[in-house]
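Using the working numbering, the first residue of the first sequence is number 235, and each one after it goes up by one.
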Amino acid sequence: MLTQRPKGTQDILPGESWRWQRIERNMREICALGGYREIRTPVFEHTELFQRGVGDTTDVVQKEMYTFEDKGGRSITLKPKGTAGVARAFLEAHLEAEPLPCKMYYVFSPHMRYEKPQSGRLREHHQLGIEVFGAKDASCDAEGIKLAMDQLRACGLSQLRLEINSIGCPACRAAYSERLKAFLMPKLEKLCKTCNERFERNPMRILDCKDPGDQELVKDAPSPIDCLCEDCRAHFDSLQRYLNALSIPFTVNPRTVRGLDYYTRTVFEVFLDIKEDFPALAGGGRYDGLLASLDGPDVPGFGFGMGEERLLLALDKMGVTEPESPVYDAFIVTLGEDARVHGLALADELRQNGIRCDIDHAARSMKAQMKYASKTGAPKVIIIADDELSKGVVKLRDMNTKEELELTREQLIEQLL
RNA sequence: GUGGGUGUAGUUCAGCGGUUAGAGCGCCAGGUUGUGGCCCUGGAAAUCGUGGGUUCAAAUCCCAUCACUCACCCCA
């Protein structure tokens, strides 16, 4: 259908864009306080960037990318993940030569994945988040997590649950993977079908399988934390120290495993702390090997992404509602074309003075204009008709008290300011 | 990709074989030739998702298809 949006997309209509602006404003303010500056990267990149930067074996790359060949024969992919593009921009501009860390944030970044849509999951969604390059200490991780929590709280969410974990460095992961496989091998027959598929591809994913039978079977599985090397262990310990210093409650969940290849050490997810299932609001972690894997310098990284649609969904879910502020400070009701001529000039003058106002452009009846003013929530109405024109005044009506004053232009502006 | 649910005015829904498919809300107009919210009256607005089949007769039953939606996989 011509007038139907593509599957898995959403329009942000005039009546709701203010909600987006509000959460994005919160993010900008919070980030500015911590010295993060905005970065904007393209909505499409060379396909190879995502294959290398996200991971060839991940579901995102294997079956969810919007990939096409452009007219120049290049393979192009619509951004399915944010970090790879930011990493590419960082490397291309050689920001590693500038003072580090490089602290960046982004808002309203569109992400496209070919998935089957459902609640909180779209084919195009928008993320806000941060990326930091060149800070290896866990204080960076803690600060970033605090920022995510602050952002959610600033938007009006208080019931939050932070889950952290450490999946270690590649060496720890290899060791853990072996240990986990050894543990799972004898139970393989009893595990569900998808877990059997996961066994070779990504055994860690079996740990957060939703199947109750499987959960029971893997209850005593070894924890990745037990396989951490000395450095990774120390990093995870200091992360917890920092989080405590920031008074951020958290739970260590060894089952939290980000399904992307580039993560190292810290991974975390933030959930709504409620009984019902609700998808993660934010997720992220450390990716110390990412830049090097893109042939860049050995510079560590940390970041998180937060789904704006999911955040808004969570606000609805938790009943955090705030009415839209009225579109107008005043609405100008005019009767007849002479009045409209004056009304339009007056509207312009008021706008020059920073007063948000509008005038009827449809030559409707006074009743209809009053009704419109009322519907839009305008607190004041300015009435201009023959009577006012001949007297050289306008009438200012207070829509709540119904009080009406006859005023000159100067008096009117004074009143409205 | 797998599985469930739902498609009827702008919107939320009723109708579930039998005249011309209804209602609430919204929209427009009038009651009130210069005054909104409440009330009253009227009006516009629907190829009943689409295609095929069964039937004397289909919005209603059957099949297919598309869309929306929810869950799984995965992820924000």
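In this text, a Cβ means the ideal position worked out from N, Cα and C, and glycines have one as well.
Outcome for residue i when other beta-carbon atoms lying within 10 angstroms are tallied against a minimum of 16
i      : result
Phe502 : buried
Pro483 : exposed
Glu542 : buried
His576 : buried
Glu377 : buried
Pro534 : buried
Met437 : Just to set this straight, residue 437 is Pro in the shown sequence, not Met. Pro437 should be labelled buried.
Gln603 : buried
Thr568 : buried
Arg475 : exposed
Leu394 : buried
Met600 : exposed
Thr485 : exposed
Ser400 : buried
Pro404 : exposed
Asp448 : buried
Arg357 : buried
Element boundaries [alpha helix (DSSP H), containing residue i]
i      : result
Thr317 : 317-326
Val366 : Looking at the DSSP string, Val366 is not in any alpha helix (DSSP H); the run it does join, the beta strand (DSSP E), is 358-367.
Ile379 : 372-388
Ala408 : 404-418
Arg355 : First-last for Arg355: undefined, no H or E at that position.
Glu571 : 571-586
Ser527 : 524-527
Top-ranked residue by Cα proximity to residue i, from the options
i      : options                        : result
Glu434 : Thr498, Thr292, Glu263         : Thr292
Ser392 : Ala318, Leu515, Glu640, Tyr270 : Leu515
Thr301 : Glu272, Asn478, Arg347         : Arg347
Gly390 : Leu549, Ala602, Leu646         : Leu549
Leu477 : Asp448, Cys374, Ala327         : Cys374
Thr635 : His469, Gln385, Ala612         : Ala612
Ala573 : Ile593, Pro560, Thr555, Val554 : Ile593
Asp563 : Glu556, Asp632, Arg598, Leu547 : Asp632
Leu267 : Leu646, Tyr339, Leu506, Leu630 : Tyr339
Gly402 : Ile440, Thr500, Glu583, Asp384 : Thr500
Glu263 : Asp384, Glu644, Ile398         : Asp384
Ile647 : Gln586, His595, Thr610         : Gln586
Gly518 : Thr610, Glu397, Lys605, His359 : Glu397
Arg492 : Val615, Leu441, Pro276, Glu358 : Leu441
Gly363 : Lys315, Leu325, Thr311, Cys406 : Lys315
Arg387 : Asp465, Leu546, Pro248         : Leu546
Phe536 : Ile310, Ala318, Arg590, Glu326 : Ala318
Pro458 : Glu358, Leu418, Arg489         : Arg489
Glu279 : Trp254, Arg253, Arg322         : Arg322
His595 : Ala468, Leu578, Lys424         : Leu578
Pro276 : Arg467, Thr311, Glu298         : Thr311
Thr610 : Asp471, Tyr270, Pro557, Met419 : Pro557
Glu423 : Gly530, Val452, Leu630         : Val452
Thr555 : Leu325, Trp252, Gln238         : Trp252
Ser353 : Trp254, Ala408, Phe512, Glu326 : Phe512
Leu650 : Cys591, Tyr606, His359         : Cys591
Asp529 : Phe324, Lys350, Pro560, Glu412 : Phe324
Glu298 : Pro456, Arg355, Leu329, His328 : Arg355
heavy atom of the ligand NAP below 7 Å from residue i C-beta
i      : result
Leu422 : The ligand NAP is not among the ligands present in this structure, which contains no ligands whatsoever.
Residue i, enclosing beta strand (DSSP E) - first and last residue
i      : result
Met338 : 336-346
Pro629 : It is Lys, not Pro, that sits at residue 629 in the sequence shown. That run of the beta strand (DSSP E) goes 628-632.
Gly705 : Residue 705 is absent from the model: the chain starts at 235 and stops at 651.
Ile566 : 564-568
Leu641 : 638-641
Leu506 : 498-506
Gly518 : 516-520
Leu396 : 394-400
Leu312 : 309-312
| field | beta strand (DSSP E) segments (min. 3 residues) lying fully within the region 590-622 | value | 591-593, 614-618
| task | Inspect the CB distances between the region 255-271 and the region 303-310 and report whether three or more fall short of 8 Å. | result | Verdict: no, contact absent.
| query | How do the region 541-558 and the region 334-354 stand: do at least 3 beta-carbon pairs fall below 8 Å, yes or no? | reply | yes
| field | Cβ contact (3+ pairs, closer than 8 Å) linking the region 356-376 and the region 317-335 | value | Yes, the region 356-376 touches the region 317-335.
| query | Does the count of Cβ pairs from the region 509-527 and the region 426-442 closer than 8 Å reach three? | reply | Cβ pair count under 8 Å is below three, so no.
| said: Count Cβ pairs between the region 487-506 and the region 276-294 that sit closer than 8 Å; are there 3 or more? | reply: Taking a cut-off of 8 Å on C-beta distances, the region 487-506 touches the region 276-294, as three or more cross pairs fall below it.
| request: Count the CB pairs spanning the region 237-245 and the region 276-286 that are closer than 8 Å, and state whether there are at least three. | output: Flag = no, the region 237-245 and the region 276-286 do not touch.
| task | For the region 256-299, list the beta strand (DSSP E) runs that are entirely contained and at least 3 residues long, ordered along the chain. | result | Complete beta strand (DSSP E) runs here, min 3: 278-280.
| Which ranges would you report for the alpha helix (DSSP H) in the region 462-496 if only whole runs of at least 4 residues count? | You should have 464-479.
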